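Residue numbers (my numbering): 33 to 306.
Data block below; observations after.
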């Protein structure tokens, strides 16, 4: 059984959320741009949509931003001139480059992106989603998190906009913050996979196994800002509300990081030694 308590880790979780929220706000802005242009009569064609996407996706990959990949992925059949289509750019050593893709379903190397989590979950929930960390063999060949949100026309999803962020770049931003919470602090996703941790032995993408952790991450008494309440399915696990703090049986504490689907797991070295 878990117990809801107050904890100073909330302030640290808020600082983590601020970092991720910056990417969220950027992606929400991209969605608004595409939806606005389509509402104004922009044709639903790759020829028309791609320059609009490039106008925000390419600049996002310059400078010191956390984003390493960005763009738009169309719903199959949504564009009249391309049954399957990705307009995605990658950060490189020079100028951003467009991802080369195979859009012919009959090709042996074609990959159905609608089966992937970064597509599947937003399509099901109608809400923004953070996927990962996972090794992105297509774009970066490194541990990555991907944030995606649906683009709609007349209530129908015509695609998603999104961004990739390399875990090692996130670590540079977040590890100093996590260390303030304690010597054994991990940032995990909703599936208990480690994004980064103060303990170097906890590798990104590994599952943190603690008694009660899975239940704590799956629980949520109410909707959060990324998931409209009307789109919440009772069969889908619900995450703890933003700022919720949960004490686990072994002495660890879980603190949700705002509206990000991420959580801090802070372990007490004295409790683990007992």
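All C-beta atoms in this analysis are idealised placements derived from N, C-alpha and C, irrespective of residue type, glycine included.
From a predicted model like this one, the values you see are computed outputs, not experimental measurements.
Under the three-pair Cβ rule at 8 Å, the stretch 224-239 does not count as touching the stretch 132-144. Under DSSP, residue 102 takes part in a beta bridge, and its partners are 121 and 195. By a beta-carbon distance limit of 8 Å, residue 195 contacts residue 92. Their separation comes to about 7 Å.
Within the same chain, 162, 221, 222 and 271 come within 7 Å of residue 293 by CB-CB distance, once the 5 residues on both sides are set aside. With 16 or more other Cβ atoms inside 10 Å of its own Cβ, residue 182 counts as buried. Residues 78 of the same chain have their beta carbon placed closer than 6 Å to that of residue 114, with the five preceding and five following residues left out of the count.
DSSP, read as helix, strand or coil, puts residue 214 in coil. Less than 8 Å divides the Cβ of residue 121 from the Cβ of residue 90. Around the beta-carbon of residue 192, 16 or more other beta-carbon atoms lie within 10 Å, marking it buried. Sixteen is the threshold: when 16 or more other Cβ atoms of the shown chains lie within 10 Å of the Cβ of residue 104, as they do, the residue is buried. Around the beta-carbon of residue 102, 16 or more other beta-carbon atoms lie within 10 Å, marking it buried. Annotation: the continuous alpha helix (DSSP H) that includes residue 84 extends over 78-89. Annotated as distal: residue 63 and residue 84, with beta-carbon spacing of 8 Å or more. The alpha-carbon of residue 94 is positioned some 11 Å away from that of residue 129. Under DSSP, the beta-bridge partners assigned to residue 166 are 176. Per DSSP, the continuous alpha helix (DSSP H) segment holding residue 70 begins and ends at 41-71. Burial check for residue 298: the Cβ neighbour count within 10 Å reaches 16 or more, so the residue is buried. The Cβ-Cβ distance between residue 282 and residue 219 does not fall below 8 Å.
In the structure shown, residue 146 falls within a helical segment according to DSSP collapsed to helix, strand and coil.
In the three-state reduction of the DSSP assignment, residue 131 falls in the coil class, being assigned neither a helical nor a strand state. For residue 249, the uninterrupted alpha helix (DSSP H) run begins and ends at 245-250, by DSSP.
Residues of the same chain with a CB within less than 7 Å of the CB of residue 216, apart from the 5 flanking positions on each side, are 230, 231, 299 and 301 in chain order. With respect to residue 285, residue 276 sits apart: the two C-beta atoms are not nearer than 8 Å.
Annotated three-state conformation of residue 201 is helix, per DSSP.
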